[in-house]
Each structure stands twice: as C-alpha cells, then as structure tokens.
Amino acid sequence: MAWCIWLSLCMLFNTKLVGDVVGSQVLLGWVIYLWIIQQSLRPKDVAWPILIIVFMIGMLPIQLLIDAEENFRLLEDGIKIIFLIFGVMALRQVPQSVLKELTVVLPVMVSLIVGYTYVVSAWDYYDTLLHRFGVPSFGSPNSLGYVLSFSLIMIHYNFGRFHSISLKIFLLFVGLVCLAALIGTQSRGGLITYLVGLVIFISRKRNSTILLYVCIVGLLPLIAGLLADNSTEQLARFNAEVDYENADAGSGRIEIWTSLIYEMIHHPISLVVGFGPGSIYLNRDGHIVNSAHSSIITVLYWYGLFGIFAFFSLFYKMTQSLSGANLEAQPWSYLRRSFIWMLGVGAIFDSYLLAAQLLWFAVVIIAIIFVRDKKNYALIRAPSEF
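Structure (structure tokens):
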C-alpha cells in the first residue's frame, strides 16, 4: 500500500516546484536516499553508475573545448541520468508482488487524472493547429500518450490476471477511458507504441494474429471518427512535420535530427564524446528548440558513441533479465518483454526517458523489467515512513 501511495503522489504532485524541478523528482530522490541509507552497498553494487558519473564529469572539459559557447544544463539534465540510474537500482529491489500491484494502481490513477482533467480543467492547451487532449502535469499530449500506451498494456495484463467479473468490468471501464484519451492526444508515437506492445503481449496466445487483427480493426473506427472532423488540419500537421521551412506547427523531427547530426559531422570529436548534457540548441525561424524529440539522438548528441554504447547496453541488460524468466509466469514475462519493445519505440520518437515529468514513470517501468524474483528486501520498509 505504501508504494501505491508513493506512486499516486508522483502523479498528483508532478508539477514544477522551483525552476525545472518537479515534485515527482523530489519524491524519487527521497526513495533513492532511503535506499542508500538502508542498504549496505558494496563497491561492485554501484560501480556501473559511478563510472557513468565519472565519465559525465570527465568529458566536460573536452566538450567545452569543442564549443566554448555552449550553455550546459549539467545540473538539470545531468541529474536526470543519475536519478534514472539510481532510481532503477532502488526500485528493482522491491518485491515482484508489489510491482504487480503498481501495474493496477498506475492505469487506474492515470484514468482518474485524465477524467478529472477532461471534466473540470483546461486540456486544450498545447497545440495551436490541432485540438489535442493533454494533461499539464504529464507535459505534452505526446508524453501523455506515451504513459497511456503503457497503462493500456498493464490493463491487458491484469484483465487476464483477475478472475472476478466485477474487477474485469472495472478494468474494462478504465481501459476505455485510457484508450479514448490516447486517441484524443492524437499522438502517433503513443499509438504506435501501444500497438507494438500489444503485438508482443498477445503473441504468447494461440491465434494471436487473429486477436491482433481484431484489436486493430476495433481501433480503426475510433481513429476514423477522430480524424473525420479535422482531416485538413491533420494533413497540414503532417506537412509541417516534414517541411524544413515551417516551424509554426509540429515538432519537425526530421529537420531537428538532420541538423544535429550535421553539426556532429562538422565536429568529428563530438561523435566520440558528444557536446555535453543540455547542449541541444537550435533556432528554427525564431523558435528555440532544446529537445531532439528522440532519446537516441539526445544521448548521441550529449555523449557521442560512448553514450550510445551505454544506452544500448541498458537495453541489452533488460533483454538478458528475461533470459531466465519462469515459464509458469508467462503473462508477467510477456508484459516485461512488451515494455522493452515499447521503450525502444519510444526512444525513437521522443525523449521520454529523460523527460523531467516522466522520470518517475521511466524508473517504474524499467524496474518492472529488472525486478528480482525474491520475497523480502530492506527497501520495502522505506515508504512506510510516510
């Protein structure tokens, strides 16, 4: 119950406190602090994160030599990586049964926040071209779509886990709310992430291809209804996405990615060590862009090939964590496998893993993938100090 309260607080207080610091980061830092003081950490337990921190600091002089005018956000962006690493190390010590409880609490809380925002709050705040549904505490509609995609896969998992008819009806209602909100965000990345996770999760069943077709066909009428009233706006947005000269709408990912890679090619040493954390700064017709809208491009630009190696090593370790998965717990194993694929897709489309308002979410998801199948850990006592 204590961890469920902690997770709920992360969502409820996921707003800025001072500068770029959000409430969920403070709550995550508190858990990391409790884990550190309660654990008898051996050097080998923290060797990997310490090496990453040393690398981050050691590369700064070289990165400054590449371009002395860069305005590094070492404190803001560098701390995210540290929190992500130590947060995962802390939460992976939580018993598997507790993390399974969180897969119920998370989508339920998300659906409540989504419903509340739709009824009483201003949700049409983000996009000047399209009327996209969003929740300010989750950032952009794309970020909300990312959270909703994982929430829906958790609902799929728990729908088969519980046998109570009343619970199934409740989960079905929660799922419909999350699905409607996902479509309302008009997040293509969120929808693709959800479909990828759905394919992986249902692939364990017989006739999984038929089930997939049923799911996709069921989504088509909803998507068609959404696009029917604003097809012209959707076409205009697509043009803005690929137009190199239009910065008034859309994220312009193609232009951003090509510009950043072009800049790295002109500074060959940056391909190895990067430009440093928080160094993304593009001027698109007067619009300042400091996000690559891709975790992969962000890590490459910040830390070069060394950073990309560490990034893909994380995904390799996540895959290895499933190598000894218990076949009797197939749904749980496939849920974790789905999360790996969804994290990979999300890393392509946006910088969700390093977003301040989604840092707690990334930690929870990766901890579920890495969870150890043991019963008791000292950290389980930590949140009881609420």
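Just so you know, we're using the numbering used here here: the sequence shown kicks off at 42 and counts up by one.
All residues carry an ideal CB built from backbone N, CA and C; glycine is no exception.
- Inclusion of residue 190 and residue 238 in the CB contact set at 8 angstroms is warranted, their separation being smaller than that value.
- DSSP, reduced to helix, strand and coil, places residue 338 within a helical segment of the structure shown.
- When rounded, the separation of the alpha-carbon atoms in residue 343 and residue 352 is 12 angstroms.
- From the listed residues 295, 150, 408, 127, the smallest Cα separation to residue 51 is found for 150.
- Nearest neighbour of residue 411 by Cα position, chosen from 385, 210, 388, 355, turns out to be 355.
- The criterion of a C-beta distance shorter than 8 angstroms is satisfied by residue 219 and residue 148.
- Residues 363, 409, 410 of the same chain have their beta carbon placed closer than 7 angstroms to that of residue 377, with the five preceding and five following residues left out of the count.
- With a cut-off of 8 angstroms on Cβ pairs, the stretch 329-343 is in contact with the stretch 389-400, counting three or more such pairs.
- When rounded, the separation of the alpha-carbon atoms in residue 357 and residue 315 is 22 angstroms.
- Counting of Cβ neighbours within 10 angstroms places residue 203 among the exposed residues, the total staying below 16.
- If you draw a straight line from the Cα of residue 229 to the Cα of residue 346, it is about 29 angstroms long.
- Following the DSSP letters along the chain, one finds residue 394 in no beta strand (DSSP E), marked with neither H nor E.
- Cβ-Cβ distances below 7 angstroms link residue 212 to 196, 199, 200 in the same chain, with the five nearest sequence neighbours on each side left out; the list follows chain order.
- Cβ-Cβ separation between residue 301 and residue 329: approximately 14 angstroms, too far for a contact (criterion under 8 angstroms).
- Under the three-state reduction of DSSP output, residue 310 falls in the coil class, being neither helix nor strand.
- In the same chain as residue 306, and ignoring 5 residues on each side of it, the C-beta atoms closer than 8 angstroms to its own belong to 312, in chain order.
- Boundaries of the beta strand (DSSP E) around residue 58: 57-59.
- C-alpha of residue 48 to C-alpha of residue 322: approximately 33 angstroms in a straight line.
- Taking the Cβ atoms as the reference, residue 159 lies roughly 17 angstroms from residue 231, outside the contact range of under 8 angstroms.
- Taking each of 225, 155, 185 in turn and checking the Cα distance to residue 215, the smallest one comes out for 155.
- Straight across, the Cα-Cα distance linking residue 53 with residue 403 is about 16 angstroms.
- Put simply, the backbone Cα of residue 131 is about 6 angstroms away from that of residue 73.
- Residue 225 holds the alpha-carbon nearest to the alpha-carbon of residue 164 among 309, 208, 225, 217.
- Between residue 180 and residue 399 the beta-carbon gap is near 7 angstroms, inside 8 angstroms, which marks them as a contact.
- For the pair residue 143 and residue 405, the CB atoms are nearer than the 8 angstroms cut-off.
- In this structure, residue 94 keeps its C-beta atom at 8 angstroms or more from the C-beta atom of residue 120.
- The beta-bridge partner set that DSSP reports for residue 63 consists of 57.
- Fully contained in the stretch 156-207 are the following alpha helix (DSSP H) runs of length 4 or more, in chain order: 182-202.
- Rounded to whole angstroms, the separation of the alpha carbons of residue 350 and residue 44 is 33 angstroms.
- Residues of the same chain with a CB within less than 7 angstroms of the CB of residue 126, apart from the 5 flanking positions on each side, are 90, 93 in chain order.
- In this chain, the alpha helix (DSSP H) harbouring residue 238 covers 229-243.
- Taking C-beta separations shorter than 8 angstroms and ignoring five residues to either side along the sequence, the partners of residue 68 in its chain run 47, 50, 51, 54, 401, following chain order.
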